[in-house]
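Read through the structure below, which is laid out as structure tokens, and then see the notes.
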Amino acid sequence: MPYYHCLLFIHSYSICSLKSINGRIRNKNYLDQPITMHFKPWKLNGHLIQSSESLAQLEEEVFFHAPEGLKFVINELYKLSDGKIPFLSIRTSGSTGSPKEIHFTIEELVASADSSIKALGLTADSKLLLCLPLSGVAGLMMLVRAIRVGAELITITPSSVIQPSMFHHQKVQWASMTPHQLVNSQESFKHVENILIGGASLSDTTLSSLPKKPERILESYGMTETLSHIALRERYPNNHLFFKILDGIKISRADNGALIIETPHLKTKTHRTNDEVELVDESHFSLIGRLDDVINTGGIKIHPRVVEEILKSNGLVKEFFVCGTPHPELGSQITVVINAVNDSELSSVQKLIETLDWPNYHNPRKVIARDFIYTATGKINKRATL
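Residue numbers (our numbering): 51 to 436.
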């Protein structure tokens with residue numbers, strides 16, 4: 051399961067808000083072993099940064115091709131490190147429920163960054179490409195990792211299509227992308243060694259359809275509450291079936307199949323998700339689907355993810371999702387919702403569904419077209435769309 055997108059709490063003048071309290075942070079109760087923050091000298095688009103003072107001396111052109119609010123966010127991270135402000139307020143997008151605001155301390159940011167730095171093998175010699183908005187936890191934590199490890203961060207204006215000319219054909223070791231960016235950015239693969247996927251699941255169909263691939267693709271699982279990924283799954287060159295949790299993380303399975311995550315490095319230690327999983331062992335799990343998306347049709351429970359994968363593997367390339375809609379006899383019926391198509395396209399999708407050999411109870415009974423509505427982070431807002 052990919053990241054659940056988040057928004058940095060919005061002030062009138064910035065994309066992020068850090069709330070301040072007079073005096074230095076005293077939050078040792080949050081962590082069993084508090085970490086002293088240390089930002090190493092690092093580079094931003096070739097320019098050395100050692101402190102907030104050296105940041106202030108940079109010309110504004112350094113930030114022309116970068117996510118919105120980059121300079122402000124970096125400056126606030128230094129304030130957070132110096133104890134001038136106590137925490138970072140992050141608001142979830144609300145795509146899977148009501149938005150909520152979560153506070154993270156500098157110790158938590160560092161612990162999360164260190165965990166990823168170790169898992170990804172980042173060093174001070176690494177070059178990282180930031181091509182996601184800072185309004186999402188994936189973009190934010192890529193920035194924190196670069197500052198923490200002393201790497202060089204290359205920035206571009208976030209776009210659905212990433213061309214190598216946007217980062218001057220530089221060789222970078224890691225970039226974090228959505229599946230949509232991955233599909234549209236294949237010309238950049240010879241310049242990006244490793245890609246970390248978040249924001250949505252990377253289907254087998256999408257992966258196999260890529261004529262070009264980078265050296266390595268990892269899919270991440272995490273959420274705003276866990277402050278970035280807690281598990282990784284290699285998709286290329288080896289297409290592993292299971293996610294492997296990062297060091298220090300513990301997992302278990304609730305009676306209803308939901309994944310439970312233990313994060314000892316965060317002040318909130320336990321996170322119960324709505325994702326149904328199968329546990330392989332204490333370190334590996336496979337994702338089945340979201341429990342709150344399950345369609346109960348005539349007493350049979352169907353995961354939309356299974357239906358979506360069948361349609362994708364049989365040539366449905368239009369943007370769509372599968373959900374349950376009311377049915378007088380079955381309670382709910384499996385419904386395919388397609389983004390803004392005409393009558394002819396709608397008819398062709400219906401014909402495709404009729405020709406497929408469906409597993410028992412999985413065949414969609416209804417196809418509808420809607421103008422999709424998206425969250426601020428680009429995720430389909432299914433409730434609003436319907």
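Idealized CB from N, CA, C, for every residue including glycine.
Asked: Hey, how far is the Cα of residue 436 from the Cα of residue 343?; Found: 14 Å
Asked: Does residue 442 come out as helix, strand or coil in the three-state DSSP assignment?; Found: This structure leaves residue 442 out entirely; the chain is present only between 51 and 436.
Asked: Quick one: what's got a C-beta closer than 6 Å to residue 90's C-beta in the same chain, skipping five residues either side?; Found: 200
Asked: I'd like to check one pair, residue 311 with residue 326: are the Cβ atoms closer than 8 Å?; Found: no
Asked: With residue 273 as the anchor, note down where its beta strand (DSSP E) starts and where it stops.; Found: 266-273
Asked: Give the secondary structure of residue 198 by DSSP, where H, G and I count as helix, E and B as strand, and everything else as coil.; Found: helix
Asked: Cα separation between residue 115 and residue 187?; Found: 20 Å
Asked: Which residues does DSSP pair with residue 303 in a beta bridge?; Found: 309
Asked: Fully enclosed by the region 366-429, which beta strand (DSSP E) runs are 3 residues long or longer?; Found: 370-377, 381-389 and 416-420
Asked: Report yes or no: do three or more beta-carbon pairs, one from the region 277-292 and one from the region 176-186, lie closer than 8 Å?; Found: no
Asked: I think residue 172 touches residue 203, with their Cβ atoms under 8 Å apart; what is that distance to the nearest whole Å?; Found: Actually they do not touch by this definition, with Cβ atoms about 11 Å apart.
Asked: Label residue 322 either buried or exposed according to how many other C-beta atoms from any shown protein chain fall within 10 Å of its C-beta, with 16 as the threshold for buried.; Found: exposed
Asked: For residue 430, does the count of other Cβ atoms within 10 angstroms reach 16, so buried, or fall short, so exposed?; Found: buried
Asked: When DSSP labels each residue in this structure, what does residue 329 get in the three-state scheme?; Found: strand
Asked: Let me see if you follow: with CB-CB separation under 8 Å, is residue 414 close to chain D or not?; Found: This model lacks chain D altogether; it includes just one protein chain.
Asked: Would you check if the region 286-294 and the region 259-278 touch, i.e. whether three or more CB-CB distances between them fall below 8 Å?; Found: yes
Asked: Could you have a look at residue 152 and say whether DSSP puts it in helix, strand or coil?; Found: strand
Asked: Cα-Cα, which of 277, 350 and 249 is closest to residue 138?; Found: 277
Asked: Give the range of the beta strand (DSSP E) segment to which residue 344 is assigned.; Found: Taken as a continuous stretch (DSSP letters only), residue 344 belongs to no beta strand (DSSP E), as it is neither H nor E.
Asked: Using the three-state DSSP reduction, which class does residue 351 fall into: helix, strand or coil?; Found: strand
Asked: Pull up the distance between the alpha-carbon of residue 385 and that of residue 361, whole angstroms please.; Found: 12 Å
Asked: How would you label residue 271, buried or exposed, when you count the other beta carbons within 10 angstroms and need 16 or more for buried?; Found: buried
Asked: Consult DSSP for residue 335 and reduce its assignment to one of helix, strand or coil.; Found: strand
Asked: Would DSSP call residue 122 helix, strand or coil?; Found: helix
Asked: How would you label residue 225, buried or exposed, when you count the other beta carbons within 10 angstroms and need 16 or more for buried?; Found: buried
Asked: Just mark residue 347 as buried or exposed, buried being the case when its beta carbon has 16 or more other beta carbons within 10 Å.; Found: buried
Asked: Alpha helix (DSSP H) containing residue 106: first to last residue?; Found: 102-106
Asked: Quick check: residue 238 and residue 195, are their CB atoms within less than 8 Å of each other?; Found: no
Asked: Consult DSSP for residue 236 and reduce its assignment to one of helix, strand or coil.; Found: helix
Asked: Do you know how far the Cα of residue 432 is from the Cα of residue 423?; Found: 7 Å
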